[in-house]
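Peer 1: Numbered per numbering that gives the first Met the number 0, the sequence shown spans residues 0 to 127.
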Amino acid sequence: MSSNGVRRTVLVVEDDEAVSGLLIALLEERGYHAVPAHDGKSAVRLARQLQPHLITLDLGLPSLDGHAVLERLKADPETREIPVVVISAFTQILPAGDRKKLAYLLGKPFDVTEVLEVVQATVGNPYV
């Protein structure tokens, strides 16, 4: 841990509360600060407000789907540099242009070890 103990924040955007809970528990167990968002509008608002180090994004979301969330995040100067990892059962329908905007693309069902490896590869250790 660094001397100041500030944890890296991961915004977990997932409408399935069981999956969200699993991802949050895994990330918190590893030392990251994980924050849930269960719909697209909340995801965009929280990304601007929290400025997380990473966003995990499901594509099938209520109120604003994952494609629209990704577009808004990458169009906004406040959030465009935040790495996004899509974790979704619908990865095959993601257009090539959207794929280029991602840090990683993971399918569901996902491998827990792979998710943790991707998070660490993208943002590094849990502590800043």
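Each residue gets a CB set at the ideal place from its N, CA and C atoms; glycine is no exception.
Model, not experiment: these values are computed from the prediction.
Mark Val11 as exposed unless 16 or more other C-beta atoms lie within 10 angstroms of its C-beta, in which case mark it buried.
Peer 2: buried
Peer 1: On the CB-based measure, 16 or more other CB atoms within 10 Å of its CB, does Ala88 come out buried or exposed?
Peer 2: Classification of Ala88: exposed, given that the 10 Å Cβ count is below 16.
Peer 1: Counting contacts by CB-CB distance shorter than 8 Å, is Pro51 in contact with chain C?
Peer 2: Among the chains in the structure shown there is no chain C, since it carries only a single protein chain.
Peer 1: Would you check whether the ligand GDP has a heavy atom nearer than 7 Å to the C-beta of Gly123?
Peer 2: Looking at this structure, you won't find the ligand GDP or any other ligand, since it has none at all.
Peer 1: Ignore the nearest five residues each way along the sequence and tell me which others in Leu60's own chain have a CB closer than 6 Å to its CB.
Peer 2: Asp14, Asp38 and Gly39
Peer 1: Please go through the same chain and pick out, in chain order, the residues whose beta-carbon is closer than 8 Å to the beta-carbon of Val117, but skip the five residues on each side of it.
Peer 2: Correct list, in chain order: Val84, Ala102, Tyr103 and Leu105.
Peer 1: Pick helix, strand or coil for Val84, following the three-state DSSP scheme.
Peer 2: It is a strand residue.
Peer 1: Mind checking who Pro125 pairs with in its DSSP beta bridge?
Peer 2: Pro125 is not bridged to any residue.
Peer 1: Kindly indicate which residue of Arg79, Tyr31, Thr90 and Gln119 has the alpha-carbon position closest to the one of Asp57.
Peer 2: Thr90
Peer 1: Please name the residue, chosen from Ala120, Leu22, Glu16 and Arg6, that lies closest to Pro51 on a Cα-to-Cα basis.
Peer 2: Nearest neighbour of Pro51 by Cα position, chosen from Ala120, Leu22, Glu16 and Arg6, turns out to be Arg6.
Peer 1: Exposed or buried, which one is Gly65 when buried takes at least 16 other CB atoms within 10 Å?
Peer 2: Per the 10 Å Cβ criterion, buried.
Peer 1: For the candidate residues Asp97, Leu63 and Tyr31, whose alpha-carbon lies nearest to that of Arg44?
Peer 2: Leu63
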